[in-house]
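Visitor: To convert a position in the sequence shown, counted from 1, into our numbering, add 83. Just so you know, even glycine gets a beta-carbon here, dropped at the ideal spot from N, CA and C.
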Amino acid sequence: MVSYFMPRGRFLIKPPNFRQLRQKHHQQESKWPVLRSFRQNFSQKNGNGGDHNTKQTEVSVRAMVRVKPTLSPTHSIQQQGLQQERRNALLRWTGFLLKWAPVGICVFGAIEWQLNKQNCIKNRTLHTATQFQSKIYSLLPLRLISRCWGWLASCYIPESVRPFIFGLYINTFKVNLEEALYPDIKHYKTFAEFFTRPLRDGVRTIDSNATLVSPADGKILHLGKACRSLIEQVKGVNYNLADFLGPTTWLRESKHDSNYMNALKYNSSTILYHCVIYLAPGDYHRFHSPADWNSLFRRHFTGELFSVSPRIATWLPGLFCLNERVLYVGEWEHGFFSFTAVGATNVGSVQIFMDSDLKTNQWAGLDLRTPRTFYDMTIDNGNLFKKGDLVGQFNMGSTIVLLFEAPLDFEFKVKPGQKVKVGQSLGRILN
84 MVSYFMPRGR
94 FLIKPPNFRQ
104 LRQKHHQQES
114 KWPVLRSFRQ
124 NFSQKNGNGG
134 DHNTKQTEVS
144 VRAMVRVKPT
154 LSPTHSIQQQ
164 GLQQERRNAL
174 LRWTGFLLKW
184 APVGICVFGA
194 IEWQLNKQNC
204 IKNRTLHTAT
214 QFQSKIYSLL
224 PLRLISRCWG
234 WLASCYIPES
244 VRPFIFGLYI
254 NTFKVNLEEA
264 LYPDIKHYKT
274 FAEFFTRPLR
284 DGVRTIDSNA
294 TLVSPADGKI
304 LHLGKACRSL
314 IEQVKGVNYN
324 LADFLGPTTW
334 LRESKHDSNY
344 MNALKYNSST
354 ILYHCVIYLA
364 PGDYHRFHSP
374 ADWNSLFRRH
384 FTGELFSVSP
394 RIATWLPGLF
404 CLNERVLYVG
414 EWEHGFFSFT
424 AVGATNVGSV
434 QIFMDSDLKT
444 NQWAGLDLRT
454 PRTFYDMTID
464 NGNLFKKGDL
474 VGQFNMGSTI
484 VLLFEAPLDF
494 EFKVKPGQKV
504 KVGQSLGRIL
514 N
């Protein structure tokens, strides 16, 4: 609509828009009378030549400018209908994305998985995760799931349902409850108490003749020598020693050696060995000292909480370098010695009895700052462990990694895939 404001307060309207003007007039009845009365009053006062009425005119203008035109019910309904249509369109698109986007991601992931698997079969290489698959896996809320599981494990279980719940768990994971200090199922009030159950005295014997004994009940994932600063996660999958241990800030004297492995060793004529032990959900969840050694330094890596099952360890390269872990570095009679407890999915926490300040699987809250990769602590005067001493516990199955320096004639007495018990000989020095 085009209108012209004339000096005498009249409206000149183009004929083609007359019908539209009448419709607008009915929809905005409260607006046009105000403007017309204002223009009539203004015209009359100008015709009388009354300059003394200027102030009164200005007051009238200000009063009418402040008047807000009220919309008719019909116009309000039309506006509401338009807004509702816009919301419905947005909801339709949002619903479409929320409904079908996850399906598309799953289909794309499955196709990418099959292509990678076929490529590995064609090239006769080990089927491991690609960088894309590792990224997708890391997007899963595993830390939140683990915290929820930790909360659930600490919930009280009524005595009447304990035989059913714990009995189902015992049958599923083949738990030997006869070795426990309290074989009665009703004794355990929570899942956490059941997971971390102590053993009866004499159930596990420590091999006094062995140089190194098993720190936990579990399965040997891999063992052997650390060559070229690399250690095998499982057969065919390696990870870097520097990525696993981090910078050697615990060394009393800085060694100018480009080889990370040589910087760790106390003696140039020795070799670094490693042993990885996996604790299944049905195993005894406490772990002990594998030898006589002195702990001097603790490093806590705040990483992921991926599963450490043998299947995932075979599929995901560098798994132990990615996961949250607690590393204790020290020395024993043959030189360097380290003990690492690796966290995993559904492990509520890793508890070290002599280190009450250690807190794992912590919620970062709303802190938007970049979190630190690790936290260090020097142990004053060291912490001396005897072979077989109780060190700590997992609140669910996880993994222990031993890395130690030993002479060339050290020999392992176990093999990958073998089940071991606490105190069982892992290896000894032949001469």
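GLU407: buried (16+ other C-beta within 10 angstroms of its C-beta) or exposed?
Guide: Counted from its first residue, the sequence shown places residue 407 at position 324. Classification of GLU407: buried, given that the 10 Å Cβ count is 16 or more.
Visitor: Distance check for GLY365 and ILE253, CA to CA, integer angstroms please.
Guide: On the sequence shown, residue 253 is found 170 positions in, with the first residue counted as 1. On the sequence shown, residue 365 is found 282 positions in, with the first residue counted as 1. Going from the Cα of ILE253 to the Cα of GLY365 covers about 7 Å.
Visitor: Please state whether the Cβ-Cβ distance between LEU485 and HIS357 is less than 9 Å.
Guide: For the purposes of this step, residue 485 is identified with residue 402 of the sequence shown, where counting begins at 1. For the purposes of this step, residue 357 is identified with residue 274 of the sequence shown, where counting begins at 1. In contact: LEU485 and HIS357 (Cβ atoms closer than 9 Å).
Visitor: Mind listing, in chain order, the continuous beta strand (DSSP E) runs of no fewer than 3 residues lying wholly within the region 385-470?
Guide: Qualifying beta strand (DSSP E) stretches, in chain order: 408-415, 418-425, 433-435, 457-468.
Visitor: SER217 by DSSP, collapsed to three states: which one?
Guide: By 1-based counting over the sequence shown, the position of residue 217 is 134. Correct three-state label for SER217: helix.
Visitor: Round the Cβ separation of SER378 and ASN466 to the nearest angstrom and send it over; I've been treating them as touching at under 8 Å.
Guide: Reading the sequence shown from its first residue, position 295 is the one you call residue 378. Reading the sequence shown from its first residue, position 383 is the one you call residue 466. That belief holds up - the Cβ atoms of SER378 and ASN466 are roughly 4 Å apart, short of 8 Å.
Visitor: By alpha-carbon positions, which one of ARG511, VAL286, VAL296, PRO241 ends up nearest to TYR271?
Guide: Walking along the sequence shown from the start, residue 271 turns up at place 188. Nearest option by C-alpha distance: PRO241.
Visitor: Let me make sure I understand the geometry here. Which of LEU509, VAL425, THR273 has the alpha-carbon closest to that of ALA396?
Guide: Counting from one through the sequence shown, the residue named residue 396 turns up at place 313. Ranking the options by Cα distance to ALA396, first place goes to VAL425.
Visitor: Alpha carbon to alpha carbon, how far is CYS231 from GLN161?
Guide: Position 148 of the sequence shown, counted from the first residue, corresponds to residue 231. Position 78 of the sequence shown, counted from the first residue, corresponds to residue 161. Using only the alpha carbons, I get a separation of about 49 Å.
Visitor: Tell me the rounded alpha-carbon separation between LEU223 and GLN214.
Guide: As a first step, residue 223 is located in the sequence shown; it is residue number 140 there, counting from the start. As a first step, residue 214 is located in the sequence shown; it is residue number 131 there, counting from the start. Rounded to whole angstroms, LEU223 to GLN214 spans 15 Å at the Cα level.
Visitor: What's the call for TYR411, buried or exposed, on a 16-neighbour Cβ count within 10 Å?
Guide: What you label residue 411 is simply residue 328 of the sequence shown in a count that begins at 1. Looking at its Cβ environment, which holds 16 or more other Cβ atoms inside 10 Å, TYR411 is buried.
Visitor: If you drop the 5 nearest sequence neighbours on each side, which residues of the same chain put their C-beta closer than 6 Å to that of ARG245?
Guide: Taking the first residue of the sequence shown as position 1, residue 245 is located at position 162. ILE268, LYS269, listed in sequence order.
Visitor: Apart from the five residues on each side of it in sequence, which residues of its chain come closer than 6 Å, Cβ to Cβ, to PRO499?
Guide: Translated into positions along the sequence shown, residue 499 becomes position 416. ILE303, HIS305.
Visitor: Looking only at its own chain, which residues have a Cβ that is under 6 Å from the Cβ of ILE435, when we skip the five neighbours before and after it?
Guide: Translated into positions along the sequence shown, residue 435 becomes position 352. LEU441, GLY475, listed in sequence order.
Visitor: So within the region 286-360, which uninterrupted alpha helix (DSSP H) runs reach at least 4 residues, ignoring any that extend past its ends?
Guide: Qualifying alpha helix (DSSP H) stretches, in chain order: 324-328, 343-347.
Visitor: Going by C-alpha to C-alpha distance, which of THR273, GLU414, SER392 sits closest to ILE462?
Guide: Start at 1 with the first residue of the sequence shown, and residue 462 comes out as number 379. Selected option, being the one with the closest Cα: GLU414.
Visitor: CA-CA distance, SER243 and PHE249?
Guide: Here the question's residue 243 lines up with position 160 in the sequence shown. Here the question's residue 249 lines up with position 166 in the sequence shown. Those two C-alpha atoms are separated by around 11 Å.
Visitor: From the DSSP output, which residues share a beta bridge with GLU276?
Guide: By one-based count along the sequence shown, residue 276 stands at place 193. According to DSSP, which records beta bridges pairwise, GLU276 is partnered with nothing at all.
Visitor: DSSP has SER378 in a bridge; who is on the other side?
Guide: To locate residue 378, count along the sequence shown from 1; it is residue 295. Note: SER378 sits in a beta bridge opposite GLY413, ASN466.
Visitor: Please list, in chain order, all residues of the same chain as LYS502 whose beta carbon is under 6 Å from its beta carbon, the five residues on each side excluded.
Guide: Numbered from its first residue, the sequence shown carries residue 502 at position 419. Within the same chain, LYS502 has close Cβ partners LYS302.
Visitor: Note down, in chain order, each residue of its chain lying with its Cβ closer than 7 Å to the Cβ of GLN507, except the 5 sequence neighbours on either side.
Guide: Counted from its first residue, the sequence shown places residue 507 at position 424. For GLN507, where only same-chain residues beyond five positions count, the Cβ hits under 7 Å are ASP290, VAL296, SER297.
Visitor: What do you get for TYR239, buried or exposed, if any count of 16 or more other CB atoms within 10 angstroms of its CB means buried?
Guide: Counting from 1 along the sequence shown, the entry for residue 239 is found at position 156. Exposed, because fewer than 16 other Cβ atoms sit within 10 Å of the Cβ of TYR239.
Visitor: Considering Cα atoms alone, identify which of TYR367, PHE403, ARG311 is closest to LYS257.
Guide: Taking the first residue of the sequence shown as 1, we reach residue 257 at position 174. Nearest of TYR367, PHE403, ARG311 to LYS257, Cα basis: TYR367.
Visitor: Find the nearest neighbour of ASN478 within the set GLU261, PHE274, ILE219, judged by alpha-carbon distance.
Guide: For this step, residue 478 is matched to residue 395 along the sequence shown. For the residues GLU261, PHE274, ILE219, the minimum Cα distance to ASN478 belongs to PHE274.
Visitor: Do ARG280 and TYR265 count as a contact pair if the criterion is CB distance below 9 Å?
Guide: Along the sequence shown, one-based indexing puts residue 265 at 182. Along the sequence shown, one-based indexing puts residue 280 at 197. A contact, by the Cβ cut-off of 9 Å.
Visitor: So, helix, strand or coil for ARG511, using DSSP?
Guide: Counted from its first residue, the sequence shown places residue 511 at position 428. Three-state result, ARG511: strand.
Visitor: How long is the line joining the alpha carbons of SER312 and PHE247, rounded to whole angstroms?
Guide: Here residue 312 refers to the residue found at position 229 when the sequence shown is read from its first residue. Here residue 247 refers to the residue found at position 164 when the sequence shown is read from its first residue. So the two alpha carbons sit approximately 49 Å from each other.
Visitor: Hey, out of GLN166, PRO373, SER390, THR456, whose CA is closest to ALA293's CA?
Guide: On the sequence shown, residue 293 is found 210 positions in, with the first residue counted as 1. For ALA293, the nearest C-alpha among the options comes from PRO373.
Visitor: Grab me the residues of LEU513's own chain with a C-beta within less than 7 Å of its C-beta, minus the 5 sequence neighbours each way, in chain order.
Guide: Taking the first residue of the sequence shown as position 1, residue 513 is located at position 430. Cβ within range, chain order: ASP492, GLU494.
Visitor: So, is LYS470 buried or exposed, given that buried needs 16 or more other C-beta atoms within 10 angstroms?
Guide: Within the sequence shown, residue 470 is the residue found at index 387, counting from 1. Buried is the call here.
Visitor: Select from GLY307, SER432, ALA363, TYR349 the residue whose C-alpha is nearest the C-alpha of GLY418.
Guide: Locating residue 418 in the sequence shown gives position 335, counting from the first residue. The candidate whose alpha carbon is nearest that of GLY418 is TYR349.
Visitor: Identify whether ALA236 lies in helix, strand or coil by the three-state DSSP scheme.
Guide: As a position in the sequence shown, residue 236 is number 153, starting the count at 1. Three-state DSSP puts ALA236 in a helix.
Visitor: Would you say HIS371 and LEU473 are within 9 Å of each other, going by their C-beta atoms?
Guide: Position 288 of the sequence shown, counted from the start, is the residue given in the question as residue 371. Position 390 of the sequence shown, counted from the start, is the residue given in the question as residue 473. Yes, Cβ-Cβ distance for HIS371 and LEU473 is below 9 Å.
Visitor: Put HIS108 into one of helix, strand or coil per three-state DSSP.
Guide: The residue you call residue 108 lines up with position 25 of the sequence shown. The predicted position of HIS108 is uncertain, since its pLDDT is 49 and thus under 50; a value taken from the coordinates is nonetheless stated next. Helix at HIS108.
Visitor: Could you check the C-alpha separation between LEU334 and THR211 for me, to the nearest Å?
Guide: On the sequence shown, position 251 is the one that residue 334 refers to. On the sequence shown, position 128 is the one that residue 211 refers to. Roughly 35 Å separates the two Cα atoms.
Visitor: How about LEU402 and THR428: do their beta carbons lie closer than 9 Å?
Guide: If you number the sequence shown from 1, residue 402 lands on position 319. If you number the sequence shown from 1, residue 428 lands on position 345. Going by C-beta atoms, LEU402 is not nearer than 9 Å to THR428.
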